[in-house]
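Notes to accompany the following structure.
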Amino acid sequence: MSEWVKSERQVKREQVRRSYARRSTSIATASTIVFIVLLAWLVTRSPGWPRVQATFFDGGQFAEALPDVLKGFLLNIKIFLIAEPLILIVGLLVALARGIRTPAFFPIRALATLYTDVFRGVPTILVIYLIGFGLPALRLQGIPTDLATLGIIALTLSYGAYVAEVFRSGIESVHPSQVAAARSLGLSHVKTMRFVVLPQATRRVVPPLLNDFVSLQKDTALVATIGPLEALRQAQIHAASTFNYTPYLAAALLFILLTIPMARFTDHLAARTRRRRGA
Numbered sequence: 001m002s003e004w005v006k007s008e009r010q011v012k013r014e015q016v017r018r019s020y021a022r023r024s025t026s027i028a029t030a031s032t033i034v035f036i037v038l039l040a041w042l043v044t045r046s047p048g049w050p051r052v053q054a055t056f057f058d059g060g061q062f063a064e065a066l067p068d069v070l071k072g073f074l075l076n077i078k079i080f081l082i083a084e085p086l087i088l089i090v091g092l093l094v095a096l097a098r099g100i101r102t103p104a105f106f107p108i109r110a111l112a113t114l115y116t117d118v119f120r121g122v123p124t125i126l127v128i129y130l131i132g133f134g135l136p137a138l139r140l141q142g143i144p145t146d147l148a149t150l151g152i153i154a155l156t157l158s159y160g161a162y163v164a165e166v167f168r169s170g171i172e173s174v175h176p177s178q179v180a181a182a183r184s185l186g187l188s189h190v191k192t193m194r195f196v197v198l199p200q201a202t203r204r205v206v207p208p209l210l211n212d213f214v215s216l217q218k219d220t221a222l223v224a225t226i227g228p229l230e231a232l233r234q235a236q237i238h239a240a241s242t243f244n245y246t247p248y249l250a251a252a253l254l255f256i257l258l259t260i261p262m263a264r265f266t267d268h269l270a271a272r273t274r275r276r277r278g279a
């Protein structure tokens, strides 16, 4: 069997496409550089730039605050890494509970619906206040007193409601014929959900889940309102002692370095999903 060889027309077509892609990339790069240089020139030549530079872009303040802010940022990462799997578990369980149609389990479905309605309606920062200050005020045995732990509990409760709705939309997007086919093969409801529905639903909800976790990465800074020495709190301490806001910029840059790669990865997965669907 002879090896397939591209035709001359196909080779030329691919060469034209590569040439067009290189030209487009060059134009985009050049225009971006020109735009950045022009924007920087306009900003640095504006009348108020010296005051802005002294208040937000002080190199000495940045170098002084960065070690403490970075140390606090490690706590933000710890909170995120612990809260993320907990949120996934809570969200999936609530979504499954809302999908129960058996009349005997109506109280469970109603409780799951009430949970999503309440915690999606209450601002996350208010949930953090209620958990961070309210639970210790009860003085009950077994209630954690570590502020970071209380922040993780609050974020899990708040984001669990949003993730539950994401999972539920993914489950409901699976065509009913898939469930009917699985049941006709003798699979129970539990096995149908486990082997047929959930694998398809999970693949479909990965991009929106990652968007929620991008928001979660940023919202770990809200835990600063109850006292843990994370990045925002460390920046506040430095800013309060110097009346300079460069430490906030240091904290912002650390969050940007964490969230942008996740955002681009989310865009990549969304584009790949569209290509698979032929969109």
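For what it's worth, full-length UniProt numbering labels the leading residue of the sequence shown as 1, then goes sequentially.
Yeah, the Cβ is synthetic: ideal placement off N, Cα and C, and Gly gets one too.
The model shown is predicted, which means the values in this text are computed figures rather than measured ones.
Same chain, Cβ closer than 7 Å to ARG204, neighbours up to 5 away in sequence not counted: Within its own chain, the residues whose Cβ lies closer than 7 Å to the Cβ of ARG204, once the five positions on either side in sequence are excluded, are GLY170 and SER173, listed in chain order.
Start-to-end residues for the alpha helix (DSSP H) that takes in MET262: Per DSSP, MET262 belongs to the alpha helix (DSSP H) from 246 to 276.
Which of helix, strand or coil DSSP assigns to ASP58: Under the three-state reduction of DSSP output, ASP58 falls in the coil class, being neither helix nor strand.
Where the alpha helix (DSSP H) through ASP219 begins and ends: Residue range 198 to 219 is occupied by the alpha helix (DSSP H) that includes ASP219.
Beta-carbon proximity of ILE125 to ILE153, cut-off 8 Å: Taking 8 Å as the Cβ cut-off, ILE125 and ILE153 do not qualify as a contacting pair.
Where the alpha helix (DSSP H) containing PHE119 begins and where it ends: Judged by DSSP secondary structure, PHE119 falls within the alpha helix (DSSP H) whose first and last residues are 106 to 121.
Nearest-angstrom Cα separation, counted from LEU138 out to LEU157: Rounded to the nearest angstrom, the two C-alpha atoms are 19 Å apart.
Terminal residues of the alpha helix (DSSP H) in which ALA6 lies: Here the sequence assigns Lys to residue 6, which means Ala is not the residue at that position. LYS6 -> no alpha helix (DSSP H), and no H or E assigned at all.
Proximity of LEU210 and THR273 at Cβ, strictly below 8 Å: No; because the gap between Cβ atoms is not below 8 Å, this pair is not in contact.
Segment contact flag, the stretch 86 to 100 with the stretch 242 to 262, C-beta cutoff 8 Å, min 3 pairs: Segments in contact, no.
Cutoff 8 Å; reference THR145; Cβ partners in own chain excluding five residues on either side: Counting only Cβ-Cβ distances below 8 Å, and skipping sequence neighbours, we find PRO136.
ILE128: first and last residue of the uninterrupted alpha helix (DSSP H) it sits in: First-last of the alpha helix (DSSP H) with ILE128: 124 to 129.
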